[in-house]
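Working notes for the structure below.
In this note's numbering, the protein residues as written are 8 to 106.
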(Lines of atoms letter the chains of each structure in order from A and count residues from 1; the text may use other names and numbers.)
(Lines give C-alpha, C1' and ligand atoms only; values in the text may rest on other atoms or scores of the structure.)
Protein backbone atom coordinates (compact mmCIF):
# COMPACT_ATOMS: atom_id res chain seq x y z
CA UNK A 1 0.00 0.00 0.00
CA UNK A 2 1.38 3.41 -0.93
CA UNK A 3 1.83 6.06 1.77
CA UNK A 4 -0.89 8.63 2.37
CA UNK A 5 0.02 11.81 0.50
CA UNK A 6 -0.47 15.08 2.38
CA UNK A 7 -0.22 18.39 0.48
CA UNK A 8 0.72 21.68 2.13
CA UNK A 9 -0.24 24.64 -0.05
CA UNK A 10 2.06 27.64 0.31
CA UNK A 11 1.60 29.02 -3.22
CA UNK A 12 -0.57 32.05 -2.26
CA UNK A 13 1.81 33.18 0.51
CA UNK A 14 4.01 36.15 -0.37
CA UNK A 15 6.95 36.16 2.07
CA UNK A 16 7.86 39.57 3.44
CA UNK A 17 4.99 41.36 1.73
CA UNK A 18 2.50 41.50 4.60
CA UNK A 19 -1.10 40.41 4.44
CA UNK A 20 -0.74 36.76 3.50
CA UNK A 21 2.91 36.59 4.42
CA UNK A 22 4.43 37.42 7.78
CA UNK A 23 3.12 35.15 10.56
CA UNK A 24 1.65 32.55 8.24
CA UNK A 25 4.95 32.26 6.37
CA UNK A 26 6.93 31.84 9.60
CA UNK A 27 4.52 29.13 10.78
CA UNK A 28 4.65 27.35 7.41
CA UNK A 29 8.46 27.30 7.30
CA UNK A 30 8.70 25.90 10.82
CA UNK A 31 6.01 23.30 10.11
CA UNK A 32 7.77 22.07 6.96
CA UNK A 33 11.18 22.03 8.69
CA UNK A 34 9.80 19.98 11.60
CA UNK A 35 8.03 17.54 9.28
CA UNK A 36 11.27 17.09 7.36
CA UNK A 37 13.04 16.05 10.57
CA UNK A 38 10.31 13.55 11.48
CA UNK A 39 10.22 9.92 10.44
CA UNK A 40 7.20 10.02 8.15
CA UNK A 41 6.26 6.34 8.23
CA UNK A 42 3.16 5.84 6.10
CA UNK A 43 3.05 9.49 5.00
CA UNK A 44 4.36 11.41 2.03
CA UNK A 45 4.40 15.17 2.55
CA UNK A 46 4.43 17.37 -0.56
CA UNK A 47 4.76 21.14 -0.24
CA UNK A 48 3.38 23.30 -3.05
CA UNK A 49 5.53 26.43 -3.40
CA UNK A 50 5.93 29.38 -5.72
CA UNK A 51 9.33 30.38 -7.18
CA UNK A 52 9.97 33.01 -4.46
CA UNK A 53 9.73 30.32 -1.76
CA UNK A 54 11.71 27.53 -3.38
CA UNK A 55 15.11 28.62 -2.03
CA UNK A 56 13.87 28.36 1.57
CA UNK A 57 13.25 24.63 1.16
CA UNK A 58 16.38 23.63 -0.77
CA UNK A 59 17.78 21.46 2.04
CA UNK A 60 14.75 19.23 2.66
CA UNK A 61 15.40 15.51 2.62
CA UNK A 62 12.07 13.82 3.46
CA UNK A 63 9.50 16.40 2.37
CA UNK A 64 8.99 16.81 -1.37
CA UNK A 65 8.59 20.14 -3.17
CA UNK A 66 6.41 20.94 -6.19
CA UNK A 67 6.82 24.37 -7.76
CA UNK A 68 3.92 26.34 -9.24
CA UNK A 69 3.80 29.87 -10.68
CA UNK A 70 3.43 32.70 -8.20
CA UNK A 71 0.07 34.43 -7.91
CA UNK A 72 1.39 37.92 -7.23
CA UNK A 73 -1.11 40.18 -5.55
CA UNK A 74 -3.97 39.29 -7.87
CA UNK A 75 -7.23 38.45 -6.13
CA UNK A 76 -8.51 36.76 -9.29
CA UNK A 77 -5.42 34.55 -9.55
CA UNK A 78 -5.83 33.55 -5.89
CA UNK A 79 -9.48 32.67 -6.41
CA UNK A 80 -8.70 30.61 -9.50
CA UNK A 81 -5.89 28.83 -7.65
CA UNK A 82 -7.99 28.00 -4.60
CA UNK A 83 -11.22 27.03 -6.37
CA UNK A 84 -10.05 25.52 -9.68
CA UNK A 85 -6.34 24.71 -9.92
CA UNK A 86 -5.67 23.48 -6.37
CA UNK A 87 -8.53 20.93 -6.38
CA UNK A 88 -7.22 19.60 -9.70
CA UNK A 89 -3.68 19.37 -8.28
CA UNK A 90 -5.05 17.43 -5.29
CA UNK A 91 -6.87 15.08 -7.62
CA UNK A 92 -3.89 14.64 -9.96
CA UNK A 93 -1.46 14.00 -7.08
CA UNK A 94 -4.00 11.77 -5.29
CA UNK A 95 -3.77 13.72 -2.07
CA UNK A 96 -5.40 12.25 1.01
CA UNK A 97 -5.38 15.62 2.81
CA UNK A 98 -4.63 19.29 2.12
CA UNK A 99 -3.28 21.81 4.63
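All residues carry an ideal CB built from backbone N, CA and C; glycine is no exception.
Owing to the predicted nature of the structure, the values given are computational and were not obtained by experimental measurement.
Applying the criterion that 16 or more other CB atoms from any shown protein chain within 10 Å of the CB defines a buried residue, is residue i buried or exposed?
i, result
"residue 44", "exposed"
"residue 46", "exposed"
"residue 66", "exposed"
From what residue to what residue does the alpha helix (DSSP H) around residue i run?
i, result
"residue 87", "82-87"
"residue 96", "93-99"
Quick one: measure Cβ to Cβ for residue i and residue j, integer angstroms, because I've assumed they're closer than 8 angstroms.
i, j, result
"residue 78", "residue 18", "6 angstroms"
"residue 59", "residue 22", "6 angstroms"
"residue 20", "residue 31", "6 angstroms"
Keeping to the same chain, check which residues put their C-beta closer than 8 angstroms to that of residue i; ignore five residues upstream and five downstream.
i, result
"residue 11", "49, 50, 51, 103 and 104"
Whose C-beta lies closer than 7 angstroms to the C-beta of residue i among residues of the same chain, with five residues either side of it excluded?
i, result
"residue 70", "39, 42, 43, 52 and 54"
Can you list, in chain order, the residues of its chain with a C-beta nearer than 6 angstroms to that of residue i? Leave out the 5 residues immediately preceding and following it.
i, result
"residue 84", "78"
"residue 87", "none"
"residue 106", "15"
Could you check where the beta strand (DSSP E) with residue i kicks off and where it finishes?
i, result
"residue 51", "50-56"
"residue 15", "11-16"
"residue 20", "Residue 20 -> no beta strand (DSSP E), and no H or E assigned at all."
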